[in-house]
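Below: one structure, written as C-alpha cells.
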Amino acid sequence: MIKYLRGVSEDSINEQVFRFLEGEWIVHRRFEGSYRGSFSGKACFASEADTPSNYLYHEQGELIDGENKRFDAKQSYLYRLTEGKLEVLKQDGSAWEAMHVLEFQKQEGIATASHVHLCGDDHYATVYRVDLSRGWELSYTVNGPKKDYRIHTFYSRGTG
Numbered sequence: 001m002i003k004y005l006r007g008v009s010e011d012s013i014n015e016q017v018f019r020f021l022e023g024e025w026i027v028h029r030r031f032e033g034s035y036r037g038s039f040s041g042k043a044c045f046a047s048e049a050d051t052p053s054n055y056l057y058h059e060q061g062e063l064i065d066g067e068n069k070r071f072d073a074k075q076s077y078l079y080r081l082t083e084g085k086l087e088v089l090k091q092d093g094s095a096w097e098a099m100h101v102l103e104f105q106k107q108e109g110i111a112t113a114s115h116v117h118l119c120g121d122d123h124y125a126t127v128y129r130v131d132l133s134r135g136w137e138l139s140y141t142v143n144g145p146k147k148d149y150r151i152h153t154f155y156s157r158g159t160g
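Counting from 1, position 153 in the sequence shown corresponds to residue 153 in the UniProt record's numbering; the numbering is continuous, with no gaps.
As C-alpha cells, then:
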C-alpha cells in the first residue's frame with residue numbers, strides 16, 4: 001500500500017490510473033476541425049521526490065500544422081492525486097492553476113473520466129480513457145465564437 005496518499009484506498013481507480021501514468025510515453029496527437037495538424041513526440045510523468053503524490057508532466061516533439069509547416073513544440077502540466085481525485089494543473093506565470101479535476105470510473109478494464117470547463121467564451125470538453133494494460137488517450141472538443149476543433153491524443157509505451 002502507498003502510505004503517502006492520504007484518503008485514498010489501495011483499490012482506488014484514481015490511484016491505479018495515477019501510478020500507471022508514471023514514466024515515459026510515445027505521444028501521437030491529431031487536430032481536426034477549424035484547426036488541423038498533428039504532433040508526434042515523447043512525454044514523461046516524473047514524480048517529485050518531496051511530493052510523491054505529484055507528477056510533473058513534460059512533452060516535447062514536432063507539431064505539423066495544416067499547411068505542413070513544422071515546429072518544435074513542448075508543454076508541461078502538473079498531475080496531482082489529492083483527496084481521492086486526480087487534478088491536472090497548468091502553469092500560469094509562476095503559479096499552478098487547476099485545469100481538470102478527474103474522478104475515474106472503471107468499466108470492462110477501461111478507466112474513464114471527463115471534465116468540462118470554460119476559458120473565456122470557449123467551451124472545453126475533455127475525456128480521458130485509460131486502458132491499464134496498454135495505454136491511454138485524451139480527447140478535447142473545443143467550441144467557441146472563433147473555435148471549433150477536436151484534439152485526439154494517443155499515448156503508448158515503447159518505441160514510436
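Where is the CB? At the ideal position from N, CA and C, for every residue including glycine.
As the structure is a computational prediction, the values presented were derived from the model and not from experiment.
Residue pairing by DSSP places Q60 opposite K42, K74 in a beta bridge. The UniProt domain "DUF6314" (21-157) is shown to contain whole beta strand (DSSP E) runs of 3 or more residues at 23-33, 37-48, 51-65, 70-82, 85-92, 95-102, 105-107, 110-119, 122-131, 135-144, 147-156, in chain order. Taking one beta carbon from each stretch, the stretch 147-159 and the stretch 26-37 have 3 or more pairs nearer than 8 Å; the two touch. Y77 and E48 have their C-alpha atoms spaced approximately 13 Å apart. Looking only at H117, V116, A111, the smallest Cα-Cα distance to R129 is reached by A111.
The Cβ neighbour count for F39, taken over all protein chains shown within 10 Å, is at least 16; the residue is labelled buried.
Within the same chain, and ignoring the five residues on either side of A46 in sequence, the residues whose Cβ sits closer than 6 Å to its Cβ are L56.
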